[in-house]
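Residue numbers (UniProt numbering), protein chains in the order written: chain A, 1 to 429; chain B, 1 to 429.
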């Protein structure tokens, strides 16, 4: 115990997990690229961490001689100026467009200095020597995802939300942290909450009112389910950070969307969620996804995230809903090729079978459905005839079945830290 | 001659040709579906009839016992209620959505009664017995295109413009005819003029000010060229008549486009044309094509006319322009898969070679370029490296090279009539 106490002084460590979120009223475009202030409010559903999560361990020690960072077990060159500039405090290196694919510490949006500043502010008066010295130590950070990066599900939102949560724990900060997470990656602020989350645009130029808050917890709508259709043969799409600023500069339709359409839709969407009205929720989610992609197409040069396969999936969803004469499934697409389907628990088995028939697995298919259990379903012949047209083999790699889930979690069990007592990753790539 | 005179009394006949037009400020959406009044003004380039034209012969005779219609040599069943209702006068049968693919006489938009009414009005006072009896005769109409229907180039605009022109000649009407053509198919009014043509939205509820007029004649910009990239494996897309009304009903972005964006763009486009400013003209044509397709995507359920191949062509054009550091080619896409490229004469040879390298012909390629002559071009290696990425064999069926051309033409030579002295087609399918 004495040894542990000594180690505790010498090495402070905190581990958190954080979720992915999927927007149903989309964020696209910043009014301030340094502070990451959006041109419109957005609303998302936080996905359950049992299926998709990032885990991050942050450690500080007087024994660390340099800042170090590991992503999915592989060390990122900390000598790289971008990483260095991020980890050091007070610097404002030139802004470079981020990738958005995973946790990439792009200055000036690195949360490390921001959380340190919050910690100093908190403790300003008091003389907590332990914390003050902790703040002067070098940090080791390790972060990993419980899903394959190649699937295009890697989320900078989960990555930054997790980093901010772990650092805040490390330094004992208990402030509202969505503003800090937002400065890492805009949509990361929505991953700071579970359930149904609104990111309010805010009005102030300093961004202090551009925050995320919970509209309803994950327990509010127990029947809601999410199917992620992971698409095969993904290419690297246009980076969203660069893409959205081109849209802001060139799309007249995006301006109208942000100023006029989104405020109305946001209020409607909150109402649909409060009333657990799937018809309204699903219809509006589809319309808003389509409108986001419409503004990408109105960008010059145009940006395309939807492919012929996306169109296949969209048409399939509309045929399925038309067959049932109401909205049973709703698609939404972000700045990548995967489709996310919202549905209710009683529809999952049948719709998964419809997807399996429409996009028959290329291999034997025993890994075709992952995540929450899916039962088998026999499709009525008239449903098959009306809905399953022109199957495309192998186009969907697998389906991930999940549901809304909670916000970032503290990992109490020390055996779950990604860093060992020596401050190095327990598992290397 | 005497026989001819007798025949002339017994059989009156007129033949006209009319052009296809391609919009650079797009028309999408009606504010009045019966009168075909658009929600916004539009602007098009009339294509030369040497490459793309419709020819129509209209005949009236006291000997005809029924109205008859031949399209591309095949008789259309005149017993069909839609055709009958169209040819008869004064009827207002229930509106049904038209195909838009070729000349289809859809009531209540058939120009025959409308031109007859104009003829009566003109002659109202005078006692021209010959014309009055002509108006009481049954009509035979034959219409054909000088391009394959399967190529997706068949144009209801050329078809209706030609029918109206031939009927007006038959009955001796010399009025402004774009309003009559408009009621056949909206964009047909623009095919009533050559060169650069604006269709003014108009304000009046009766549509009498919703007319086409010429912005500049085809001789105004002699260097301007048009390349139609005819795409292989075409499927029947969503019919534009039905599609555009769904857009009017469901797309908030279309409303904004029509009310705010188009009025500004129309004035800009006219300026670019007047100044023969290809940079401005091409950029705006591309932006407006993209915005039209954006509003299709914002429609619910969404409408897709652009495919992965369209995206390939769009990306190719942007790479080509980027390589040359200014706008050398400009794409525009209508409600179908073919791409139309605007360029200047000095760029044609090189860009055609770029297209040939990017979409190598599936066969030996001797019919790959049609229409106006295209010279050979050796592509600099750095151009190939920068622009020709991932060739897709056989995706483009052929390229049609054409240029702006004149409006409808009267065919004086009687040997060119599509109907013989017996009132029947000279050539049958």
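Ideal placement from N, C-alpha and C gives every residue a C-beta, glycine not left out.
Inset, instruction - Confirm, please, whether the CB-CB distance from residue 178 (chain B) to residue 157 (chain B) is below 7 Å. - result: Indexing the second chain from 1 puts residue 157 (chain B) at position 157. Indexing the second chain from 1 puts residue 178 (chain B) at position 178. No, Cβ-Cβ distance for residue 157 (chain B) and residue 178 (chain B) is not below 7 Å.
Inset, instruction - Measure the alpha-carbon distance for residue 309 (chain B) versus residue 134 (chain B) and round it to whole angstroms. - result: Counting from 1 along the second chain, the entry for residue 309 (chain B) is found at position 309. Counting from 1 along the second chain, the entry for residue 134 (chain B) is found at position 134. Using only the alpha carbons, I get a separation of about 51 Å.
Inset, instruction - Work out the CA separation of residue 233 (chain B) and residue 264 (chain B) for me, nearest whole Å. - result: Translated into positions along the second chain, residue 264 (chain B) becomes position 264. Translated into positions along the second chain, residue 233 (chain B) becomes position 233. If you take the alpha carbons of residue 264 (chain B) and residue 233 (chain B), they lie about 37 Å apart.
Inset, instruction - Step through the CB atoms of chain A and report whether any lies within less than 7 Å of the CB of residue 367 (chain B). - result: Taking the first residue of the second chain as position 1, residue 367 (chain B) is located at position 367. Taking Cβ atoms only, chain A never reaches closer than 7 Å to residue 367 (chain B), which makes this a no.
Inset, instruction - Mind checking who residue 18 (chain B) pairs with in its DSSP beta bridge? - result: Within the second chain, residue 18 (chain B) is the residue found at index 18, counting from 1. In the DSSP output, where bridge partners are listed per residue, residue 18 (chain B) has B:54.
Inset, instruction - Check whether the Cβ atoms of residue 337 (chain A) and residue 231 (chain A) lie closer than 7 Å to each other. - result: As a working note, residue 337 (chain A) is residue 337 in the first chain. As a working note, residue 231 (chain A) is residue 231 in the first chain. Yes, the Cβ-Cβ distance between residue 337 (chain A) and residue 231 (chain A) is below 7 Å.
Inset, instruction - Measure from the C-beta of residue 252 (chain B) to each C-beta in chain A and report whether the shortest distance is under 7 Å. - result: Residue numbering aside, residue 252 (chain B) sits at position 252 when the second chain is read from its first letter. Chain A, which has a Cβ nearer than 7 Å to the Cβ of residue 252 (chain B), makes this yes.
Legend entry - Cβ separation of residue 29 (chain B) and residue 38 (chain B), assumed to be a contact under 8 Å, to the nearest whole Å: Numbered from its first residue, the second chain carries residue 29 (chain B) at position 29. Numbered from its first residue, the second chain carries residue 38 (chain B) at position 38. Contact holds; Cβ gap of about 7 Å.
Legend entry - Any C-beta of chain A under 7 Å from that of residue 415 (chain B): Here residue 415 (chain B) refers to the residue found at position 415 when the second chain is read from its first residue. No, because no Cβ of chain A sits closer than 7 Å to the Cβ of residue 415 (chain B).
Legend entry - Cβ-based neighbour list, residue 289 (chain A), same chain, cut-off 6 Å, excluding 5 preceding and 5 following: Position 289 of the first chain, counting from 1, holds the residue named residue 289 (chain A). Closer than 6 Å at the Cβ level, and outside the excluded window around residue 289 (chain A), lie 332 and 333.
Inset, instruction - Could you tell me how far apart the beta carbons of residue 21 (chain A) and residue 185 (chain A) are, in whole angstroms, since I believe they sit closer than 8 Å? - result: Numbered from 1 along the first chain, position 21 holds the residue referred to as residue 21 (chain A). Numbered from 1 along the first chain, position 185 holds the residue referred to as residue 185 (chain A). Their Cβ separation, rounded to whole angstroms, is 11 Å, which puts residue 21 (chain A) and residue 185 (chain A) out of contact at 8 Å.
Inset, instruction - Assign residue 404 (chain A) to buried or exposed, taking buried as 16 or more other Cβ atoms, counted over all protein chains shown, within 10 Å of its Cβ. - result: Counted from its first residue, the first chain places residue 404 (chain A) at position 404. Its Cβ being crowded by 16 or more others within 10 Å, residue 404 (chain A) is buried.
Legend entry - Pick from B:57, B:45 and B:26 that is closest to residue 421 (chain B), judged by C-alpha positions: Position 421 of the second chain, counting from 1, holds the residue named residue 421 (chain B). Out of B:57, B:45 and B:26, B:57 has the C-alpha closest to the C-alpha of residue 421 (chain B).
Legend entry - Short CB-CB distance (under 7 Å) between residue 288 (chain A) and chain B: Here residue 288 (chain A) is taken as the residue at index 288 of the first chain, counted from 1. Output row for residue 288 (chain A): interface = no.
Inset, instruction - Return no unless some Cβ of chain A is closer than 7 Å to the Cβ of residue 337 (chain B). - result: Taking the first residue of the second chain as position 1, residue 337 (chain B) is located at position 337. Output row for residue 337 (chain B): interface = no.
Inset, instruction - Please go through the same chain and pick out, in chain order, the residues whose beta-carbon is closer than 6 Å to the beta-carbon of residue 48 (chain A), but skip the five residues on each side of it. - result: If you number the first chain from 1, residue 48 (chain A) lands on position 48. Answer for residue 48 (chain A): 402, 403 and 405, listed in chain order.
Inset, instruction - Quick one: which residues of the region 301-321 of chain A get their C-beta closer than 7 Å to a C-beta of chain B? List them in chain order. - result: Those would be 301, 302, 304, 307, 308, 311, 314 and 318, in chain order.
Inset, instruction - Go ahead and pull the three-state DSSP assignment for residue 384 (chain A). - result: Mapped onto the first chain, residue 384 (chain A) falls at position 384. Assigned with DSSP and collapsed to three states, residue 384 (chain A) falls in helix.
Legend entry - Spatial neighbours of residue 392 (chain A) in its chain, beta-carbon cut-off 6 Å, leaving aside the 5 residues before and after: In the first chain, the residue the question calls residue 392 (chain A) occupies position 392. Closer than 6 Å at Cβ, skipping near neighbours: 359.
Inset, instruction - Examine chain A for any beta-carbon lying closer than 7 Å to the beta-carbon of residue 291 (chain B), and answer yes or no. - result: Reading the second chain from its first residue, position 291 is the one you call residue 291 (chain B). Output row for residue 291 (chain B): interface = yes.
Inset, instruction - Kindly say whether residue 470 (chain B), judged by its beta-carbon, lies nearer than 7 Å to any beta-carbon of chain A. - result: The structure shown does not extend to residue 470 (chain B), since chain B is modelled only from 1 to 429, so the question has no answer here.
Legend entry - C-alpha distance - residue 349 (chain B) paired with residue 272 (chain A), whole-angstrom precision: As a first step, residue 349 (chain B) must be located in the second chain, where it is residue number 349. As a first step, residue 272 (chain A) must be located in the first chain, where it is residue number 272. Roughly 57 Å separates the two Cα atoms.
Legend entry - residue 384 (chain A) versus residue 375 (chain A) - alpha carbon distance: Looking up residue 384 (chain A) in the first chain gives position 384. Looking up residue 375 (chain A) in the first chain gives position 375. So the two alpha carbons sit approximately 18 Å from each other.
Legend entry - 6 Å Cβ shell around residue 330 (chain A) - same chain, five flanking residues per side excluded: Here the question's residue 330 (chain A) lines up with position 330 in the first chain. 282, 285, 286 and 342.
Inset, instruction - Name, in chain order, the residues that DSSP records as bridge partners for residue 13 (chain B). - result: Walking along the second chain from the start, residue 13 (chain B) turns up at place 13. Here residue 13 (chain B) is bridged, per DSSP, to B:59.
Inset, instruction - Have a look at residue 280 (chain A) and residue 269 (chain A) and give me their C-alpha separation to the nearest angstrom. - result: Position 280 of the first chain, counted from the first residue, corresponds to residue 280 (chain A). Position 269 of the first chain, counted from the first residue, corresponds to residue 269 (chain A). Taking the straight line joining both Cα atoms gives about 8 Å.
Legend entry - Limits of the alpha helix (DSSP H) - the one that residue 247 (chain B) falls within: Within the second chain, the letter at position 247 stands for residue 247 (chain B). Unbroken alpha helix (DSSP H) run through residue 247 (chain B): 240-250.
Legend entry - Reduced DSSP category for residue 95 (chain B) - H, G, I as helix; E, B as strand; rest coil: Indexing the second chain from 1 puts residue 95 (chain B) at position 95. Low confidence applies to residue 95 (chain B): its pLDDT is 40, below 50, so where it sits in the model is not reliable enough to give any reading.
Inset, instruction - Taking C-beta pairs closer than 7 Å, name the residues in chain A that residue 298 (chain B) reaches, listed in chain order. - result: To locate residue 298 (chain B), count along the second chain from 1; it is residue 298. The answer, in chain order, is 290, 291 and 294.
Legend entry - Straight-line Cα distance separating residue 366 (chain A) from residue 347 (chain A): Along the first chain, read from residue 1 onward, the residue named residue 347 (chain A) stands at position 347. Along the first chain, read from residue 1 onward, the residue named residue 366 (chain A) stands at position 366. Taking the straight line from one Cα to the other gives about 21 Å.
Legend entry - Neighbouring residues, chain B, relative to residue 256 (chain A) (Cβ below 7 Å): The count along the first chain starts at 1 and reaches residue 256 (chain A) at position 256. Contacts between residue 256 (chain A) and chain B, judged by CB atoms closer than 7 Å, involve 253 and 256 in chain order.
Inset, instruction - May I ask you to report which of helix, strand or coil DSSP gives residue 214 (chain A)? - result: Indexing the first chain from 1 puts residue 214 (chain A) at position 214. Residue 214 (chain A) carries a strand assignment under DSSP once its states are collapsed to helix, strand and coil.
Inset, instruction - Leaving aside the five residues before and after residue 247 (chain B) along the sequence, list all residues of the same chain whose C-beta is less than 8 Å from its C-beta, in chain order. - result: Position 247 of the second chain, counted from the start, is the residue given in the question as residue 247 (chain B). Once the five neighbours on either side are set aside, the close Cβ partners of residue 247 (chain B) are 28, 29, 254, 295, 296, 298, 299 and 303.
Legend entry - Contacting residues, own chain, Cβ-Cβ under 6 Å from residue 164 (chain B) (five flanking each side not counted): Taking the second chain and counting its residues from 1, one reaches residue 164 (chain B) at position 164. 111, 177, 180 and 181, listed in sequence order.
Inset, instruction - State the start and end residues of the unbroken alpha helix (DSSP H) segment that holds residue 68 (chain B). - result: As a first step, residue 68 (chain B) must be located in the second chain, where it is residue number 68. Element bounds for residue 68 (chain B): not the alpha helix (DSSP H) but the beta strand (DSSP E), 68-71.
Legend entry - Limits of the beta strand (DSSP E) - the one that residue 142 (chain A) falls within: On the first chain, position 142 is the one that residue 142 (chain A) refers to. Note, residue 142 (chain A): beta strand (DSSP E), 138-145.
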